[in-house]
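> Respectively, the protein sequence lines represent chains X and G.
Quick note on numbering: this note's numbering labels position 172 of the first sequence as 172, and the sequence is numbered without any gaps.
Quick note, this note's numbering runs 212 ahead of the 1-based positions in the second sequence.
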Amino acid sequence: MPESYTLTEEEREILQELMNIAFGKSAADLADVINTHVELRIPDIKLMPISELPAYVQEKIKGYTNIDMVEQSFYGRFKGDAVLVFSQGAGRGLISLLQNDEHEALESDPIDILETETLMEAGNILISACVGKFAEMLKDVVTYAPPMVVFNKHYSEAISLNHDKKDMAAIVMKTDFTFTKGDVSGFLFLITAQESIKWLKEALQSFMEQYE
Amino acid sequence: MIKKILIVDDSPVARRMLKSCLPKDRGFELFEASNGKEGFEKYKDIRPDLTFMDLTMPVMTGYESLEEIIKYDKDAIVIIATADIQMKAIKTVLDSGAYMVLRKPLKEEDIQKALSVAEDTLLKQKGSVNA
Chain X
1 MPESYTLTEE
11 EREILQELMN
21 IAFGKSAADL
31 ADVINTHVEL
41 RIPDIKLMPI
51 SELPAYVQEK
61 IKGYTNIDMV
71 EQSFYGRFKG
81 DAVLVFSQGA
91 GRGLISLLQN
101 DEHEALESDP
111 IDILETETLM
121 EAGNILISAC
131 VGKFAEMLKD
141 VVTYAPPMVV
151 FNKHYSEAIS
161 LNHDKKDMAA
171 IVMKTDFTFT
181 KGDVSGFLFL
191 ITAQESIKWL
201 KEALQSFMEQ
211 YE
Chain G
213 MIKKILIVDD
223 SPVARRMLKS
233 CLPKDRGFEL
243 FEASNGKEGF
253 EKYKDIRPDL
263 TFMDLTMPVM
273 TGYESLEEII
283 KYDKDAIVII
293 ATADIQMKAI
303 KTVLDSGAYM
313 VLRKPLKEED
323 IQKALSVAED
333 TLLKQKGSVN
343 A
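Listed below in C-alpha cells is the structure:
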C-alpha cells in the first residue's frame, strides 16, 4: 500500500469522532420515524487494501448466519460505498415498528414488497443522514445512487471483491447498532474510495484547525 | 464562579474540540477522563464546578457515570455533550439529573451560553448554602 495511504493515529481519532457524530444524527432521524431508540457503539476505523475488505466485513458480521443488506454509492470529493448489513428478518422487524406508527397501507401490501421498501427507506435514512452529515462537517456535498436491497445472503457473501480494484486502498468506517424494539441490529460500513483518501486527509486537518 | 472543569470523553479529539471552545482568559483548571468510571473517580477527587460528559464510552457509559455522580452529589452540574441526540437519550439523561444536553459537534457559542447559565446556578447554590 502506498505510504500516502496510511492513517496517522490523529486522523483515525478524528474520523472516529466524525463518524460518531454522523451516525448519531442518522440514528436520531430514523428514531423519529420508527419511534424506537437506536443504541450506538463506538465506531471502528481501519485503512486497508480492498483485497482484505471481504474478510474484514465477514469477520465483523459472522454472528449473523444470513443477512439483508442495503448498498448505496455516494459521490462527491468524499466518494465511496455505504453498506448497511442487517440481521436477516430485519425488514419484518422494521415493518412492525412502522405499523405501530399507523402506516395503515402496509397491511394491504405483500410482505416481500413491504420488506424491500421498508429496508430501502430505513437504509436510505441511515445512510444519507450519516454520509450527508459526515460530508457537511468536512465542507463537502455528496449525491447518491439509488439504494439497492439484497435479501437473504449468507454472511460470507456480504462483500464481493471487484478484481479491478483489488490493489487499491479503502478507509472503512464501521459502526454497529441495535434497536431497542423490533429485534433489529446491524452494521454500517462506509468504504471510502482510494481517490478520496488524499482529499479526506486534508479535510480532516482543516476541520480540526477550527478547534485550535 | 466556575474554576474547575472536568471533561469526560473517550475521544481525545472530542476533548480537544471542547477545550478549544472554552474561553482562554478565565483561568479554568481543566481535568480530563477517558471513560465514565475514570470520570466518576476524578469527580470525587477534584469536585469540579462543572462536568462535561459524553454518553457512548467504553468501561462505563456516560449514562452510568452520570447516575453515579448525581448519587454522590445531587447538586453536581453535569452537561452532556453527545452525538446521540435521540429523544430517548436526551430524556433519560435529563431524568437522571443532567443539567443540560449539548449536541456534538460543539460550538463555541453553545459552550459560552452553557457556562453562563451554569454560573448562575452555582451562584444560587452558594447563596442557598450561605443563607
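No residue lacks a Cβ here, since even glycine has one placed at the ideal position from N, Cα and C.
1. Is there at least one Cβ from chain X nearer than 9 Å to P235 of chain G's Cβ?
2. Write down the C-beta distance between L53 of chain X and G186 of chain X rounded to the nearest angstrom, noting that I regard them as a contact closer than 8 Å.
3. I want to see whether chain G comes within less than 9 Å of T143 of chain X, judged by CB atoms only; does it?
4. At the level of alpha carbons, what is the spacing between D44 of chain X and K139 of chain X?
5. Is there at least one Cβ from chain X nearer than 9 Å to Q298 of chain G's Cβ?
6. Taking 9 Å as the threshold (C-beta atoms), are M269 of chain G and I292 of chain G in contact?
7. Could you spell out where the alpha helix (DSSP H) holding Q58 of chain X opens and where it closes?
8. Output, in sequence order along the chain, the residues in the segment 295-329 of chain G whose CB is closer than 8 Å to any CB in chain X.
9. Return the Cβ separation of I34 of chain X and K133 of chain X in integer angstroms, given the expectation that the two are a contact with Cβ distance under 8 Å.
10. Would you kindly report the start and end of the unbroken alpha helix (DSSP H) that includes Y275 of chain G?
11. E212 of chain X by DSSP, collapsed to three states: which one?
12. Taking the beta carbon of K325 of chain G as the centre, do at least 16 other beta carbons fall within 10 Å, making it buried, or is it exposed?
13. Taking three-plus beta-carbon pairs below 8 Å as touching, is the segment 328-339 of chain G in contact with the segment 228-244 of chain G?
14. According to the Cβ coordinates, are T6 of chain X and K300 of chain G closer than 9 Å?
15. By the three-class DSSP mapping on this structure, what secondary structure does Y64 of chain X have?
16. Along the chain, where does the beta strand (DSSP E) that runs through E244 of chain G open and close?
17. Cα separation between E279 of chain G and L15 of chain X?
18. Along the chain, where does the beta strand (DSSP E) containing T36 of chain X start, and where does it finish?
19. Check whether chain X comes within 9 Å of A245 of chain G, counting only Cβ atoms and requiring the distance to be less than that.
20. Excluding the five sequence neighbours on either side, which residues of its own chain have a C-beta within less than 6 Å of the C-beta of A105 of chain X, listed in chain order?
21. Taking the alpha carbon of D183 of chain X as the reference point, which residue from X:E13, X:G93, X:A145 has its own alpha carbon closest?
22. If you check the beta carbons only, do I217 of chain G and D261 of chain G fall under 9 Å apart?
23. I'd like the span of the alpha helix (DSSP H) that includes F252 of chain G, first residue to last.
24. Assign V329 of chain G to one of three DSSP states: helix, strand, or coil.
Concretely, from the data shown:
1. So, not an interface residue.
2. About 18 Å separates the two Cβ atoms, so there is no contact after all.
3. With 9 Å as the cut-off, T143 of chain X does not count as an interface residue toward chain G.
4. 23 Å
5. yes
6. Their beta carbons are not under 9 Å apart, which means I292 of chain G does not touch M269 of chain G by this criterion.
7. 53-60
8. A295, D296, I297, Q298, M299, K300, A301, K316, P317
9. No, I34 of chain X and K133 of chain X are not in contact; Cβ-Cβ is about 19 Å, not under 8 Å.
10. 274-284
11. E212 of chain X: coil per DSSP, three-state reduction.
12. Its Cβ having fewer than 16 others within 10 Å, K325 of chain G is exposed.
13. no
14. no
15. coil
16. 241-245
17. 29 Å
18. Premise fails: T36 of chain X is in no beta strand (DSSP E) and is neither H nor E.
19. no
20. Unreliable positioning characterises A105 of chain X in this predicted model, as indicated by a pLDDT of 49, which lies under 50. The coordinate reading is nonetheless provided below. For A105 of chain X, where only same-chain residues beyond five positions count, there are no Cβ hits under 6 Å.
21. X:G93
22. The criterion of a C-beta distance shorter than 9 Å is satisfied by I217 of chain G and D261 of chain G.
23. 248-258
24. helix
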